[in-house]
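Reading through the structure tokens given below for one structure.
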Amino acid sequence: MTPTMLPMTADAGRRPLVNVDLMRWHLSASALWFTVSLLGGLAYAFQFNNIYPFPGVEWLSPGRVRMVHTNMAAYGFIANAFIAGMLFAIPRLTLRPILSDALGWLIFGAWQLIMVLTVAGELAGYGQGIEWGETPIFVDPLVVVGLVLLVINLSTPIFRSSEQGLYVSLWYFLAAFAWTGLVYFMGNYLPQFWVPGTAGAAITGLYIHDLVGLFVTPIGIGLMYFFIPLLLRKPVWSHALSLIGFWGLAFFYPMQGVHHFLFSPIPMYAQYGAVVATIAVEIVVITVIANFFGTLHGRSDAIRGNLAVRWFFTGLVLYAVTCFQCAFQVTLTFQKIIHFTDWVVAHAHMVMFGVFGFWIMGLFVELWPRAVGRPWANPRLLTVHYWLTFIGLVVMVIDLTAAGVVQGYSWAGLSHWGESVVASMPFWWARTVAGLLIVTGQGFFLYALWSTARQPRTAADVALAATARA
Amino acid sequence: MERFGASFLIAGIITFLLGFFLQGLMPVLTLRKQHVATVAEIAQTIPPEFAQLAEDYPAEFQRDFGTVSPESFARALELGKANYIAEACWHCHSQFVRPVSNEDLRFGPVSTPEEYQNMMNLPHLFGTRRVGPDLIRESGKHSNDWHMAHLYDPRMVAPYSVMPSYPWFFDAERRPTARALGLVAYLQWLGSWNVQVPATIYNVDAMRGGS
Chain A
135 MTPTMLPMTA DAGRRPLVNV DLMRWHLSAS ALWFTVSLLG GLAYAFQFNN IYPFPGVEWL
195 SPGRVRMVHT NMAAYGFIAN AFIAGMLFAI PRLTLRPILS DALGWLIFGA WQLIMVLTVA
255 GELAGYGQGI EWGETPIFVD PLVVVGLVLL VINLSTPIFR SSEQGLYVSL WYFLAAFAWT
315 GLVYFMGNYL PQFWVPGTAG AAITGLYIHD LVGLFVTPIG IGLMYFFIPL LLRKPVWSHA
375 LSLIGFWGLA FFYPMQGVHH FLFSPIPMYA QYGAVVATIA VEIVVITVIA NFFGTLHGRS
435 DAIRGNLAVR WFFTGLVLYA VTCFQCAFQV TLTFQKIIHF TDWVVAHAHM VMFGVFGFWI
495 MGLFVELWPR AVGRPWANPR LLTVHYWLTF IGLVVMVIDL TAAGVVQGYS WAGLSHWGES
555 VVASMPFWWA RTVAGLLIVT GQGFFLYALW STARQPRTAA DVALAATARA
Chain B
6 MERFGASFLI AGIITFLLGF FLQGLMPVLT LRKQHVATVA EIAQTIPPEF AQLAEDYPAE
66 FQRDFGTVSP ESFARALELG KANYIAEACW HCHSQFVRPV SNEDLRFGPV STPEEYQNMM
126 NLPHLFGTRR VGPDLIRESG KHSNDWHMAH LYDPRMVAPY SVMPSYPWFF DAERRPTARA
186 LGLVAYLQWL GSWNVQVPAT IYNVDAMRGG S
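Residue numbers (my numbering), protein chains in the order written: chain A, 135 to 604; chain B, 6 to 216.
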């Protein structure tokens, strides 16, 4: 990483490099939708304890609320935060502002409209029968147009940049720009309108996987390649590992979709191919993880001193765990027992929240003071948020993984179905408690965000805000 | 610079297409010669449970579907599937039997691709989680009355169940609406094409008592 990585001056134009207002609104929207997602998840967890808070209310039926939980996590929370992160990172890496601020605001408004329509549509009974693509059919075209506009707006500074080489973050962003729209169109349209049955399931599997692998993962890793060296004030450990990691991910990640439907009627060659490609990518991922820990080497005090760095590396440890786990659970041997159980639910929470959600929390810690032009009003609250979230997530993952093993062997052993449900009850209670910890932490976090934005500004804050815009 | 940046976009598109070919298009090509049945074709074979529905709830059936015919059955299937998706039943009930984990003993014959070559599976509803049991061999395992009671309040027939209640499928007199009739017709259709022996022989849960 060269010093030009961290520009402190604006380009020749009049516009500030980073549109801080737009970034702040995306961060705020991300926090809002995440709260919606968490409350939905908590309500859904109560259903498993047979104490659902809204029994008999049609539009708050647990099945519909679950769609809100997952969709708001992916499209409300993660997408908005990633856009905010890229609004900060891309102009600083390229020394060029985004194509158009007006377009940025249009995309912001359109994306929040999409979220509102998604929640309303799903609660009203118009959810689509595609996993992770439950966004109602009438919202899908808006999403595709929104994604294309976003790509145009964010890729323009990269193409206009006069830098001689592209930094690794931008490789990931560009690849994600190519992937995201294609993936969304493929998953939401092909199995819905053109490809029925088993072949449609193969494409749905690809969509479930690609949403995480080709949208969330590359942008998340790209942001980590930007923020970790920035906060540690040292270059990335190995350029060679960055190269291997990127091309390995880009090659192997897109060809694993069917591993979501192992032992299904989908042709076995596709299943075997998915398993092999998945194990391959888990090996490649080690290079990425090693690169980040190599960068940390010598600066590990930052884990204690810098909360954002702590979030990033907590996420990276969980990323290592989840990838290691994945290389085993994807095998047919594991799948016999764990598929269809809470093991998979635990894995999904560890990936989407424990890894990418934690990285986003680190982004909030770093970017929110820049976005509102004030330092954190109460840093201790942030520490409380960290520990509540971390403990809640880890308890949930261990608990549901164990529940999955119990359920899987109970089913294979031909127990009565009810016995597996009764055996799951203690695990489902522990999951609810873990969820309560996470929701409580989010409450503290929302208060910290709000009180920071509301506190009076000092002269030093104004100076800080100026550097954020530069 | 511009060319360098574009190479990552192009690489992204190429790797996506490669993955799509291997994991999406090849299964499509493998299955391309299998006939895809329309709903009207499927509805030509009416399972006995649908005819029974007309006897169990004559007034409601008459009001919503008229008489037992392929046309009314097709309408019931479409309505049932729409509600199955709207309530996201597929998040907690899968629709395929795997050749492992004794699933053929619990649910019935292992699923095969041609079973899903019809427009009722557009979109397919394979599912990825079983909070409740698989449903692709559900036809005939329970009576229509059992299904109605189970939809109204699952714990009336399965005390251990954590399934939500669906009272909005029933009117003020707790009689089934068109949605309930359609959903039960759909559930009783699932697997009706593959009942080789009485379903209860396969149904471990029924053999062990309870539901």
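C-beta: ideal position from N, C-alpha, C; glycine also.
Compute the Euclidean distance between the alpha carbons of residue 34/B and residue 411/A, then round it to the nearest angstrom.
-> Along the second sequence, read from residue 1 onward, the residue named residue 34/B stands at position 29. Along the first sequence, read from residue 1 onward, the residue named residue 411/A stands at position 277. Taking the straight line joining both Cα atoms gives about 21 Å.
Can the beta-carbon of residue 575/A be found less than 7 Å from the beta-carbon of residue 523/A?
-> Translated into the one-based positions of the first sequence, residue 575/A becomes position 441. Translated into the one-based positions of the first sequence, residue 523/A becomes position 389. It is a contact, given that the beta carbons lie within the stated cut-off.
Residues that residue 96/B contacts on chain A, provided the C-beta gap is smaller than 7 Å | As a position in the second sequence, residue 96/B is number 91, starting the count at 1. Residues of chain A passing the Cβ test: 197, 200.
Interface residues of the segment 262 to 291 of chain A facing chain B [CB-CB below 8 Å] = 262, 263, 264, 265, 268, 289
Verify the CB distance criterion: does residue 174/A have a CB-CB separation below 7 Å to chain B?
-> As a first step, residue 174/A is located in the first sequence; it is residue number 40 there, counting from the start. Answer no: the Cβ-Cβ gap between residue 174/A and chain B never drops below 7 Å.
Alpha carbon of residue 92/B to alpha carbon of residue 133/B, nearest angstrom | Locating residue 92/B in the second sequence gives position 87, counting from the first residue. Locating residue 133/B in the second sequence gives position 128, counting from the first residue. Cα to Cα, the separation comes out at about 16 Å.
Based on the DSSP output, what are the partners of residue 5/B in its beta bridges?
-> Past the edges of chain B, shown from 6 to 216, lies residue 5/B, and the structure says nothing about it.
How big is the Cα-Cα spacing for residue 145/A and residue 151/A?
-> The residue given as residue 145/A occupies position 11 in the first sequence. The residue given as residue 151/A occupies position 17 in the first sequence. Reliability fails at residue 145/A, whose pLDDT of 47 lies under 50, so the model's placement of it is uncertain and the value that follows must be treated cautiously. Straight-line Cα distance between these residues: approximately 7 Å.
Kindly indicate which three-state DSSP category residue 112/B falls into: helix, strand or coil?
-> To locate residue 112/B, count along the second sequence from 1; it is residue 107. Residue state, collapsed to three classes: coil.
Could you have a look at residue 128/B and say whether DSSP puts it in helix, strand or coil?
-> Reading the second sequence from its first residue, position 123 is the one you call residue 128/B. Coil, per DSSP.
Nearest chain B C-beta to residue 325/A closer than 7 Å, yes or no?
-> Indexing the first sequence from 1 puts residue 325/A at position 191. Judged by the 7 Å Cβ criterion, residue 325/A is in contact with chain B.
With 7 Å set as the bound, which would you pick, yes or no: does the beta-carbon of residue 361/A sit closer than that to a beta-carbon of chain B?
-> As a first step, residue 361/A must be located in the first sequence, where it is residue number 227. Chain B, which has no Cβ nearer than 7 Å to the Cβ of residue 361/A, makes this no.
Check whether the Cβ of residue 143/B lies closer than 7 Å to any Cβ atom in chain A.
-> By 1-based counting over the second sequence, the position of residue 143/B is 138. By this cut-off, residue 143/B is not an interface position.
Of the residues 497/A, 388/A, 299/A, the one placed nearest residue 11/B, counting alpha carbons only | For the purposes of this step, residue 11/B is identified with residue 6 of the second sequence, where counting begins at 1. For residue 11/B, the nearest C-alpha among the options comes from 299/A.
Give the secondary structure of residue 175/B by DSSP, where H, G and I count as helix, E and B as strand, and everything else as coil.
-> Along the second sequence, read from residue 1 onward, the residue named residue 175/B stands at position 170. Strand.
Taking buried to mean at least 16 other C-beta atoms within 10 Å of its own C-beta, is residue 113/A buried or exposed?
-> Outside the shown range of chain A (135 to 604) lies residue 113/A, about which nothing can therefore be said.
Contact with chain B by residue 337/A, beta-carbon distance below 7 Å | Numbered from its first residue, the first sequence carries residue 337/A at position 203. By this cut-off, residue 337/A is an interface position.
From residue 549/A to residue 149/B, what does the alpha carbon distance come to, in whole angstroms?
-> Taking the first sequence and counting its residues from 1, the one referred to as residue 549/A is at position 415. Taking the second sequence and counting its residues from 1, the one referred to as residue 149/B is at position 144. Each residue's Cα considered, the two are about 25 Å apart.
Is the segment 326 to 333 of chain A touching the segment 241 to 261 of chain A in the sense that three or more CB pairs, one from each, lie closer than 8 Å?
-> no
To the nearest angstrom, report how far apart residue 564/A and residue 329/A are at their CA atoms.
-> As a position in the first sequence, residue 564/A is number 430, starting the count at 1. As a position in the first sequence, residue 329/A is number 195, starting the count at 1. About 40 Å.
Using a Cβ-Cβ cut-off of less than 9 Å, list which residues of the segment 448 to 481 of chain A approach chain B; keep chain order.
-> 466, 469, 470, 471, 473, 474, 475, 476, 478, 479
First and last residue of the alpha helix (DSSP H) that includes residue 324/A?
-> Counting from 1 along the first sequence, the entry for residue 324/A is found at position 190. Careful: residue 324/A lies outside any alpha helix (DSSP H) and carries neither H nor E.
Can you grab the Cα-Cα spacing for the pair residue 274/A / residue 315/A, in whole Å?
-> Taking the first sequence and counting its residues from 1, the one referred to as residue 274/A is at position 140. Taking the first sequence and counting its residues from 1, the one referred to as residue 315/A is at position 181. Each residue's alpha carbon lies about 11 Å from the other.
Output the distance between the C-alpha atoms of residue 593/A and residue 225/A, rounded to the nearest integer angstrom.
-> Within the first sequence, the letter at position 459 stands for residue 593/A. Within the first sequence, the letter at position 91 stands for residue 225/A. Between residue 593/A and residue 225/A, the C-alpha separation is close to 26 Å.
Kindly identify the DSSP beta-bridge partner or partners of residue 42/B.
-> On the second sequence, residue 42/B is found 37 positions in, with the first residue counted as 1. Paired residues: 123/B.
CA-to-CA distance, residue 214/A to residue 293/A, given in whole angstroms | The count along the first sequence starts at 1 and reaches residue 293/A at position 159. The count along the first sequence starts at 1 and reaches residue 214/A at position 80. Those two C-alpha atoms are separated by around 23 Å.
Buried or exposed (CB count within 10 angstroms, at least 16 for buried), residue 242/A | Counting from one through the first sequence, the residue named residue 242/A turns up at place 108. By the neighbour-count rule (16 or more Cβ atoms within 10 Å), residue 242/A is buried.
Endpoints, alpha helix (DSSP H) assigned at residue 67/B | Along the second sequence, one-based indexing puts residue 67/B at 62. 63 to 70 is the span of the alpha helix (DSSP H), which, as asked, contains residue 67/B.
What do you get for residue 610/A, buried or exposed, if any count of 16 or more other CB atoms within 10 angstroms of its CB means buried?
-> The requested residue 610/A is not part of the displayed model; chain A covers only 135 to 604.
Given a threshold of 16 other Cβ atoms within 10 Å of its Cβ, counted over all protein chains shown, does residue 484/A qualify as buried or as exposed?
-> The residue labelled residue 484/A in the question sits at position 350 within the first sequence. Under this definition residue 484/A is a buried residue.
Contacting residues, own chain, Cβ-Cβ under 7 Å from residue 591/A (five flanking each side not counted) = Taking the first sequence and counting its residues from 1, the one referred to as residue 591/A is at position 457. Only 507, 508 meet the Cβ criterion.
Proximity test, residue 532/A beta-carbon vs the ligand GTP heavy atom, cut-off 6 Å = Although the ligand GTP was asked about, the structure shown includes no ligands whatsoever.
Rounded straight-line distance, which links the Cα of residue 175/B to that of residue 23/B = Stepping through the second sequence from its first residue, residue 23/B is reached at position 18. Stepping through the second sequence from its first residue, residue 175/B is reached at position 170. Approximately 49 Å between the Cα atoms of the pair.
Give every residue of the same chain whose Cβ lies closer than 6 Å to the Cβ of residue 445/A, excluding the five residues on either side of it in the sequence, and list them in chain order.
-> Here residue 445/A is taken as the residue at index 311 of the first sequence, counted from 1. Only 492, 495, 496 meet the Cβ criterion.
Label residue 439/A either buried or exposed according to how many other C-beta atoms from any shown protein chain fall within 10 Å of its C-beta, with 16 as the threshold for buried.
-> The residue you call residue 439/A lines up with position 305 of the first sequence. Exposed is the call here.
Taking Cβ-Cβ distances below 8 Å as the criterion, which residues of the segment 166 to 186 of chain B are in contact with chain A?
-> 166, 167, 169, 170, 171, 172, 173
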